[in-house]
Every structure is written in structure tokens, then in C-alpha cells.
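Chains A and B, in that order, give the protein sequences. Going left to right, the first sequence walks through residues 65 to 125 as our numbering numbers them. Going left to right, the second sequence walks through residues 1460 to 1598 as our numbering numbers them. Here is the structure we will look at.
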Amino acid sequence: MTRINLTKLLQKYKSGWVALSSDYSRVVGHAEKFIDLQKKVKDKKNIVVIQAFDNYYNYVS
Amino acid sequence: MRYPYFLAPGQPRSASVPLIEVIYKNRSKNTTSVLALVDSGAAVSFAPLDVALWLGIRVDKKKGLDIRGFNNSVTKCYPGMTTIHISGRDIDIPIYFGGGSNLQCIIGQDPFFDLTKVMFERYNNSFSIDWINKKSRVN
Chain A
65 MTRINLTKLL QKYKSGWVAL SSDYSRVVGH AEKFIDLQKK VKDKKNIVVI QAFDNYYNYV
125 S
Chain B
1460 MRYPYFLAPG QPRSASVPLI EVIYKNRSKN TTSVLALVDS GAAVSFAPLD VALWLGIRVD
1520 KKKGLDIRGF NNSVTKCYPG MTTIHISGRD IDIPIYFGGG SNLQCIIGQD PFFDLTKVMF
1580 ERYNNSFSID WINKKSRVN
């Protein structure tokens, strides 16, 4: 299976939340707060949001 | 059902992580799809407090849990029963909410890993989630 590569799309975002198209091809929005991003994209379809981190390599609990 | 790993920015190299789309719900309100980490090392599932605020979920302040992170940092989280749509089903599970946006959305062991067979095949860039029983909703 091929990995979904988000490295280029997420590179400039270090914090907050990023909204992506559901095919993971483009960024459609960014906000520091989850609620603000939900308000921005609530009427759009086929959106996936992800938390923005400086480094996902230490993405552990 | 089989899912791909995601490649995300990281140091010293890009991170390969098992993320899955989750929709958090409460009554008639829901989030967009959110990418959450499937984490066999996490005892419970958790998410930033903002998710609970958006959904209007009431957390149980008497049952706070200190979530101890890998770097020994501690975040106080509180459980709130939440419907999540994951891997084709709606299930009701306690999500521990707390912290800011830096607290990751995690799908942890209790009770999700009791309900599913989760197999990580990182060498194959994939992981799979198969439901143990045929009930579509678990309370």
C-alpha cells in the first residue's frame, strides 16, 4: 500500500489545525483554534482536518 | 478494513504514522473528519478540549485523569461520552478531553481495542481494523 504523503502540504504549518481536501491534494484552510476552523469549513463537503505540529516524528502520547 | 499510513513532516526524518479519519458527534452536532492517531500505547482515547466545546459535550470533572506524555508532561483530561464514526461504524466511547491543540487526537486501547482487531503492518505502509462483533453501535 502507498503512504499518503502530507509532508509538503503541512510543512508551513507548525501549530493549530489544517483543513485538507478529502483526497489530500490541497489545503483549504488553517486556524489556530479547532472551533474557528470548524466554523470556516462547516458548510464545505469532503474536508478532513489534522492538527499541525512542528514535528510529527515525536507524535506519541 | 485496510488503511494507509501517512507521511508527515518530522525531524530527523519524515514521520510514518497510522492515522484514521474520525468524526466526533454529540446529538445533532458533529465535527468534520479529523485525522486521529491509532495508538496501541495509549490507555484511552483523547482529544483537545476544544473538540468537546464545539460539540457541547459535558465532561465528568470528578473523573479527571492525568495523561502522562512521552516527555513526562502531564495534562489533566476529563472523560465525556462521545459518539465517534470510525472504520464505517458509530460507537459510543469515553473520550478524555483536555489541553490545547497540542494534545493529539488519539484512538487508544480502552475500549476501542476490545471491539476491534487492529493490526499494524508498517513494513507494508498499512494497518487494518476489523470489528470483533457485528453490532454496529456499542454503548
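Cβ atoms here follow ideal geometry from the backbone N, Cα and C, with glycine treated the same way.
Three-state secondary structure assigned by DSSP to residue i
{"i": "Y77 (chain A)", "result": "coil"}
{"i": "A1501 (chain B)", "result": "coil"}
{"i": "Y1464 (chain B)", "result": "coil"}
{"i": "Y120 (chain A)", "result": "helix"}
{"i": "K109 (chain A)", "result": "coil"}
{"i": "L1512 (chain B)", "result": "helix"}
{"i": "T66 (chain A)", "result": "coil"}
{"i": "T1542 (chain B)", "result": "strand"}
{"i": "Y127 (chain A)", "result": "Nothing can be reported for residue 127 (chain A): it is not among the residues displayed for chain A, which extend from 65 to 125."}
{"i": "N1583 (chain B)", "result": "helix"}
{"i": "T71 (chain A)", "result": "helix"}
{"i": "C1536 (chain B)", "result": "strand"}
{"i": "Q115 (chain A)", "result": "strand"}
{"i": "G1567 (chain B)", "result": "coil"}
{"i": "S125 (chain A)", "result": "Only weak support is given to the placement of S125 (chain A): the predicted model assigns it a pLDDT of 44, under 50, and the value that follows is read from those uncertain coordinates. S125 (chain A) falls in the coil class under three-state DSSP."}
{"i": "P1553 (chain B)", "result": "strand"}
{"i": "K1593 (chain B)", "result": "coil"}
Contact check, residue i vs residue j, beta carbons under 8 angstroms
{"i": "L74 (chain A)", "j": "A1467 (chain B)", "result": "yes"}
{"i": "V82 (chain A)", "j": "V113 (chain A)", "result": "yes"}
{"i": "I1591 (chain B)", "j": "S1546 (chain B)", "result": "no"}
{"i": "I1526 (chain B)", "j": "F1505 (chain B)", "result": "yes"}
{"i": "Y1474 (chain B)", "j": "Y120 (chain A)", "result": "The identity of residue 1474 (chain B) in the sequence shown is Ala, whereas the question assumes Tyr. Yes, they are a contact pair."}
{"i": "Y1462 (chain B)", "j": "F1586 (chain B)", "result": "yes"}
{"i": "F1465 (chain B)", "j": "L70 (chain A)", "result": "yes"}
{"i": "F98 (chain A)", "j": "P1553 (chain B)", "result": "no"}
{"i": "D1490 (chain B)", "j": "V1510 (chain B)", "result": "It is worth fixing the name first, because residue 1490 (chain B) is Thr in this sequence and not Asp. Cβ atoms of T1490 (chain B) and V1510 (chain B): closer than 8 angstroms."}
{"i": "L1600 (chain B)", "j": "I1550 (chain B)", "result": "In the structure as shown, chain B begins at 1460 and stops at 1598. Residue 1600 (chain B) is therefore absent and cannot be evaluated."}
{"i": "T1541 (chain B)", "j": "G1558 (chain B)", "result": "no"}
{"i": "C1600 (chain B)", "j": "Q115 (chain A)", "result": "Any property of residue 1600 (chain B) remains undetermined from this structure, which presents chain B solely from 1460 to 1598."}
Element boundaries [beta strand (DSSP E), containing residue i]
{"i": "V1518 (chain B)", "result": "V1518 (chain B) -> no beta strand (DSSP E), and no H or E assigned at all."}
{"i": "I1526 (chain B)", "result": "1524-1527"}
Minimum Cβ-Cβ distance from residue i to chain A less than 8 angstroms
{"i": "P1463 (chain B)", "result": "yes"}
{"i": "D1509 (chain B)", "result": "yes"}
{"i": "W1590 (chain B)", "result": "no"}
{"i": "C1536 (chain B)", "result": "no"}
{"i": "L1524 (chain B)", "result": "no"}
{"i": "S1532 (chain B)", "result": "no"}
{"i": "S1584 (chain B)", "result": "Ser is not the amino acid found at residue 1584 (chain B); the sequence shown has Asn there. Taking Cβ atoms only, chain A reaches closer than 8 angstroms to N1584 (chain B), which makes this a yes."}
{"i": "Q1568 (chain B)", "result": "no"}
{"i": "T1491 (chain B)", "result": "yes"}
Run of the alpha helix (DSSP H) containing residue i, from where it starts to where it stops
{"i": "D1573 (chain B)", "result": "1571-1574"}
{"i": "L1478 (chain B)", "result": "It is not in any alpha helix (DSSP H) - L1478 (chain B) instead sits in the beta strand (DSSP E) that spans 1478-1485."}
{"i": "K103 (chain A)", "result": "98-105"}
Closer than 8 angstroms to chain B by CB, residue i
{"i": "K97 (chain A)", "result": "yes"}
{"i": "S79 (chain A)", "result": "yes"}
{"i": "V112 (chain A)", "result": "yes"}
{"i": "V91 (chain A)", "result": "no"}
The stretch 1516-1523 of chain B contacting the stretch 1493-1500 of chain B, beta-carbon criterion three pairs below 8 angstroms: no
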